[in-house]
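Take a look at the structure below.
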Amino acid sequence: MDKKEGSDLFSTFNGTAMPTLVFLDGSGNEIDRILGYLPPEQYQVRVAEIESNVNTLGACLQKYENGERTAHLLFTMAQKYSDRNESDSAKKYYAELLESFPDVDESMASTARFELAYDEFKNGNIDPFNEFVNNFSTSPMAQQALSLMARFYKGSENKVSELGVYARMLALYPEDPRMLNGYAWRMAEMELNLEDALVKARYAVELTAADKDFQAGILDTEAEVLWKMGRFNDAILTIEKSLRIDPSSDYFMDQKTKFVNAKKEARKHVPA
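According to this note's numbering, the residues represented by the sequence shown are 1 to 272, in order.
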């Protein structure tokens, strides 16, 4: 299958993630799908279920039509519609889940609340995301919500609100290297709060000492901040740390070249 054919099929079946495996019946109708990678044993179990029409969307709908109303069934149906990118149907069952089972466990509740808030967000209403972060700040989806909010404000060039989102991120996740790194990089782009961005980037470097590949990317952020501060020698020394971790990275080498050229350019403007 060539890339165009694969892309066309992905669009035809409303793909939301790669890889996506879609299982069809003899008439070409979808039975179910698997998103992402599963460990071999889980994959075999899931394929066997689909072949037996167990835990498929059709099987779930049949249970629903027969009067079954459990939190697990509603949640499963909502997720399956979400996997198919049928957001209206997913929203219906997420809403029914929360209405029928107000004390449902936090994992289901947070996923349902996030998906409903995300649907509102796509229509320009950011308030449900704010409420979600307030109620589920320990959920990884809260970080995703904040990142989406920051991107929204960036796109609308609302710097004040964007900075407010980053301040909220740092207050909620002061030890999270991804949050610290994202903040530092964005401050470098905006050329704002560079001293604080440098502190945050360096702390993120400390936090990722056990994950050198991750640390290499954060060192790049530190170098970028130093470059924006005009500290070219420090930027070069820092990006060289990234290159020692990943010597084959063309990106890191391009970054070093950028910093070296900036240093040369700055020297031209130094009075003799």
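Just so it is clear, CB atoms sit at the ideal spot from N, CA and C, and this is done for glycine as well.
All figures in this text were calculated on a predicted structure; none of them were measured in a lab.
Subject >> From F23, H72, D88 and S137, residue whose alpha carbon lies closest to that of R46 >> reply: F23
Original post:
Residue range of the alpha helix (DSSP H) that L198 falls in?
Top reply: L194 to L207
**OP:** Please work out which residues of its chain come closer than 7 Å, Cβ to Cβ, to D119, disregarding the five sequence neighbours upstream and downstream, and give them in chain order.
**Re:** S87 and K91
**OP:** Give me the Cα-Cα distance between L73 and V54, rounded to the nearest whole angstrom.
**Re:** 12 Å
Subject >> Rounded C-alpha distance that separates T20 from N135 >> reply: 32 Å
Subject >> Range covered by the alpha helix (DSSP H) that runs through E265 >> reply: D250 to K268
Original post:
Is the CB-CB distance between L35 and T12 below 8 Å?
Top reply: no
Subject >> Simplified DSSP state of R151, which is helix, strand or coil >> reply: helix
Subject >> Contained alpha helix (DSSP H) runs [length at least 4] in the region 154–197, N- to C-terminal order >> reply: 159–172 and 177–190
Original post:
What number of angstroms, rounded off, separates the C-alpha of A167 from the C-alpha of A109?
Top reply: 26 Å
Subject >> Where the beta strand (DSSP E) containing L21 begins and where it ends >> reply: T20 to L24
Original post:
What residues in its chain sit with their C-beta under 8 Å from that of E240, if we drop five residues either side in the sequence?
Top reply: K256
Original post:
Alpha carbon to alpha carbon, what distance is there between T70 and A210?
Top reply: 43 Å
**OP:** Consult DSSP for R33 and reduce its assignment to one of helix, strand or coil.
**Re:** strand
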